[in-house]
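Colleague: The structure that follows is given in the form of structure tokens.
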Ligand SMILES: NC(=O)C1=CN([C@@H]2O[C@H](COP(=O)(O)OP(=O)(O)OC[C@H]3O[C@@H](n4cnc5c(N)ncnc54)[C@H](OP(=O)(O)O)[C@@H]3O)[C@@H](O)[C@H]2O)C=CC1
Ligand SMILES: CC(=O)[C@@H](O)[C@H](O)COP(=O)(O)O
Ligand SMILES: [Mn+2]
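Here is the structure:
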């Protein structure tokens, strides 16, 4: 039995992780989890999995939960996420939190020598170099869950790094892939949340529509696979069947294909190096590939530039995007304002070449607070 800690258990990846744990209940024990805003989801998780410790999203939830679930230790808020991953039983931490909140719990989990299965790509975007230092220092393994990175990992695993020419990350194009930039001016939140291939949380669905998601994934891949940005390409592939490809120097290309179901990469990260059975079979049909269009998707071009410059700029881009997406979801700004805000903050923020974790935290918080304050007043 492997002990599991699940951060973000009420979200899209969280729920699908719980499906995997339930299906393989003789292999895993959910020791701890973080819950969310939906009381019925929270209570259902607690009654089904009976964890030893749970982190509530809000402090004022604690009293009621302690009464209803007296066998469980409750913690809460940002400090609670840290207390949860510090719980003194070894195990693997699945990080399925969305956004910059995911960073600190990842680092704290590594410091207690717990391996990580990482869905929260923002962790590596903001602090990839620091996370890798901690992984080395505490001899901890990190397994990617993001579908493209899981696919790439499976094509790269056991290969000599020097034999890799490049990797290619596929992009569905998101909810507005057939829209012109002119047509993007009037799109609604409801349209933006309608991803063609995946059912995901709101933030990543919007990131996919702006192509920021692919930008974050390029930076994520740079850190995960230690590859230069010149060796990381993206391609439009509207079917989301091929998730990643690796080109080798001998002319071989390895691709990883699967149905669009995140339970596959989640199970791969949890069981690695073993493989477990999956009930559906992928039907092979015609697949299409188109070169990436950087004019149509300027945020992806920006992400390459920001990734190459490094330092604090990936944190700046990520923070501005996170705040702008929140404002869009709250219907305070238009879809194209997301791009404008991100470009504006990247252009006007001075880089810090090798930021400390404290600087990363501070810049992330300050930028998000400033953007939210400015636009919420309107
Ligand atoms: N969904 C997908 O298919 C994929 C997701 N990813 C990545 O995985 C991560 C999770 O995505 P997804 O599952 O879609 O996101 P969701 O929004 O569906 O879920 C996020 C989870 O984190 C919780 N959460 C969010 N903010 C906080 C906070 N400040 N404090 C405590 N808990 C918080 C949410 O609680 P609450 O219930 O209150 O909302 C929820 O449990 C993201 O980084 C995303 O980019 C990567 C590949 C695919
Ligand atoms: C499932 C997953 O990993 C998402 O990151 C997905 O890739 C989003 O799709 P696109 O960003 O390609 O639209
Ligand atoms: Mn992805």
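Numbering (my numbering), first residue to last: 7 to 384.
C-beta: ideal position from N, C-alpha, C; glycine also.
The model shown is predicted, which means the values in this text are computed figures rather than measured ones.
So residue 207 packs on residue 17, CB below 8 Å; how close in whole Å?
Modeller: The pair is a contact, with the Cβ atoms about 5 Å apart (cut-off 8 Å).
Colleague: With distances taken between CB atoms, is the gap from residue 36 to residue 12 smaller than 9 Å?
Modeller: Yes, Cβ-Cβ distance for residue 36 and residue 12 is below 9 Å.
Colleague: Less than 8 Å between the CB of residue 199 and some heavy atom of ligand 1, yes or no?
Modeller: Checking every heavy atom of ligand 1 against the Cβ of residue 199, none is found closer than 8 Å.
Colleague: Quick check: does the Cβ of residue 177 come within less than 8 Å of any heavy atom belonging to ligand 2?
Modeller: Residue 177 Cβ: within cutoff of ligand 2.
Colleague: Residue 232 to residue 9, Cα distance in whole Å?
Modeller: Rounded to the nearest angstrom, the two C-alpha atoms are 29 Å apart.
Colleague: May I have the straight-line CA-CA distance separating residue 259 from residue 239, to the nearest angstrom?
Modeller: C-alpha separation (whole angstroms): 14 Å.
Colleague: Would residue 397 and residue 130 be called neighbours here (beta carbons separated by less than 9 Å)?
Modeller: In the structure displayed, the chain extends from 7 to 384; residue 397 sits before or after that span and is not available.
Colleague: Just confirm the distance between the C-beta atoms of residue 180 and residue 132, as a whole number of angstroms; I'd bet it's less than 8 Å.
Modeller: Rounded, the Cβ-Cβ distance is 22 Å, inconsistent with contact.
Colleague: Could you pull out every unbroken alpha helix (DSSP H) segment of at least 4 residues lying fully inside the region 291–336, listed in chain order?
Modeller: Segments of the alpha helix (DSSP H) lying fully in the region 291–336: 304–315, 319–335.
Colleague: At what residues does the beta strand (DSSP E) containing residue 193 begin and finish?
Modeller: Premise fails: residue 193 is in no beta strand (DSSP E) and is neither H nor E.
Colleague: Is the Cβ-Cβ distance between residue 297 and residue 241 less than 9 Å?
Modeller: Yes.
Colleague: Ignore the nearest five residues each way along the sequence and tell me which others in residue 26's own chain have a CB closer than 7 Å to its CB.
Modeller: Excluding positions up to five away in sequence, the list reads 269, 272, 273, 276.
Colleague: Using the Cα positions of residue 166 and residue 151, report the straight-line distance between them to the nearest angstrom.
Modeller: The alpha-carbon atoms of residue 166 and residue 151 are separated by roughly 22 Å.
Colleague: Just tell me which of 72, 46, 67 has its CA closest to the CA of residue 58.
Modeller: Out of 72, 46, 67, 72 has the C-alpha closest to the C-alpha of residue 58.
Colleague: Can you say whether residue 135 is buried or exposed, counting buried as having 16 or more other CB atoms within 10 angstroms of its CB?
Modeller: With fewer than 16 other Cβ atoms within 10 Å, it is exposed.
Colleague: For residue 77, does the count of other Cβ atoms within 10 angstroms reach 16, so buried, or fall short, so exposed?
Modeller: Counting Cβ neighbours within 10 Å, residue 77 comes out exposed, since fewer than 16 surround it.
Colleague: Could you pull out every unbroken beta strand (DSSP E) segment of at least 3 residues lying fully inside the region 128–194, listed in chain order?
Modeller: Listed in chain order, the complete beta strand (DSSP E) runs (minimum 3 residues) inside the region 128–194 are 148–150, 170–177.
Colleague: Measuring straight from C-alpha to C-alpha, what distance separates residue 14 and residue 330?
Modeller: Roughly 21 Å separates the two Cα atoms.
Colleague: Could you spell out where the beta strand (DSSP E) holding residue 284 opens and where it closes?
Modeller: Per DSSP, residue 284 belongs to no beta strand (DSSP E) and is neither H nor E.
Colleague: Using DSSP bridges, identify the partner residues of residue 261.
Modeller: Residue 261 pairs with 251.
Colleague: Taking the alpha helix (DSSP H) that residue 341 belongs to, which residues open and close that run?
Modeller: Start and end: 341–354.
Colleague: Would you kindly check if the distance between the Cβ of residue 172 and the Cβ of residue 261 is under 9 Å?
Modeller: No.
Colleague: Given that a residue counts as buried once 16 or more other Cβ atoms are within 10 Å of its Cβ, and exposed if not, what is residue 154?
Modeller: Buried is the call here.
Colleague: Could you tell me whether the region 367–379 touches the region 329–343, where touching means 3 or more Cβ pairs closer than 8 Å?
Modeller: Yes: the two stretches touch, three or more of their Cβ pairs being nearer than 8 Å.
Colleague: Less than 8 Å between the CB atoms is what I'm expecting for residue 149 and residue 284, so what's the real figure, rounded?
Modeller: Not really, about 17 Å apart at Cβ, beyond 8 Å.
Colleague: Roughly how many angstroms lie between the CA atoms of residue 75 and residue 22, to the nearest whole one?
Modeller: Residue 75 and residue 22: Cα-Cα distance of roughly 24 Å.
Colleague: Using the three-state DSSP reduction, which class does residue 124 fall into: helix, strand or coil?
Modeller: Three-state result, residue 124: strand.
Colleague: Buried or exposed: residue 288, going by 16 or more other Cβ atoms within 10 Å of its Cβ?
Modeller: Exposed is the call here.
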